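Asks:
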Amino acid sequence: MKYVLIGLLKVYRLVISPLYGNVCRYYPSCSAYALRAVEVHGAVKGSYLAGRRLLRCHPWTAGGYDPVPGTPEFADEARLQAASTMATATGRGEHQDQGHHDLPESPDVPRDAQGADRSDVSDQRAEPAHVRGVNCST
Numbered sequence: 001m002k003y004v005l006i007g008l009l010k011v012y013r014l015v016i017s018p019l020y021g022n023v024c025r026y027y028p029s030c031s032a033y034a035l036r037a038v039e040v041h042g043a044v045k046g047s048y049l050a051g052r053r054l055l056r057c058h059p060w061t062a063g064g065y066d067p068v069p070g071t072p073e074f075a076d077e078a079r080l081q082a083a084s085t086m087a088t089a090t091g092r093g094e095h096q097d098q099g100h101h102d103l104p105e106s107p108d109v110p111r112d113a114q115g116a117d118r119s120d121v122s123d124q125r126a127e128p129a130h131v132r133g134v135n136c137s138t
């Protein structure tokens, strides 16, 4: 039964799925998820997981990355989410703890990598109209 379902899913992905285009809100797509679920968990549990996924896939869902449970991808995602949660809980997110806590937040004042005021250095970026190939009429 497992191999019959795998064959049907492959035919669907080859013939019918390209007609819809890339419309799935999740990654991997629902058909890829179903194929992986059946390959890893067998016909019964894989079909159950695929059915659950299809019920979650609707226009009002946010979508996103949703690997099949019980796969290495799922374990990697769970590990990354746990690390992210720990970093946020301890106050050590990527955007924090860079040693600039005592500096005023001013986007107009250029600063070097150590946070020193570099307002004496001019901005070397060209005006958009003078970039080669963008607006050649000037």
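The opening residue of the sequence shown carries number 1 in this note's numbering; numbering runs sequentially from there. Cβ coordinates follow ideal geometry from the N, Cα and C atoms, glycine included. In this text, all values refer to a predicted model and were calculated from it rather than measured experimentally.
Look at Ala43 and Leu8 and say whether their C-beta atoms are less than 8 Å apart.
Replies: No. Outside cutoff.
Asks: Using 8 Å as the threshold, is the C-beta distance between Val140 and Ser47 below it?
Replies: Outside the shown range of the chain, which is 1 to 138, sits residue 140, and nothing can be said about it.
Asks: Kindly indicate the opening and closing residues of the alpha helix (DSSP H) around Ala78.
Replies: First-last of the alpha helix (DSSP H) with Ala78: Pro72 to Ala89.
Asks: Does the stretch 13–23 come into contact with the stretch 52–63, if we say contact requires no fewer than three beta-carbon pairs (one atom in each stretch) closer than 8 Å?
Replies: Taking 8 Å as the limit for Cβ pairs, the verdict is that the stretch 52–63 does not touch the stretch 13–23.
Asks: Going by the CB atoms, is the gap between Leu49 and Val23 shorter than 8 Å?
Replies: No, the Cβ-Cβ distance between Val23 and Leu49 is not below 8 Å.
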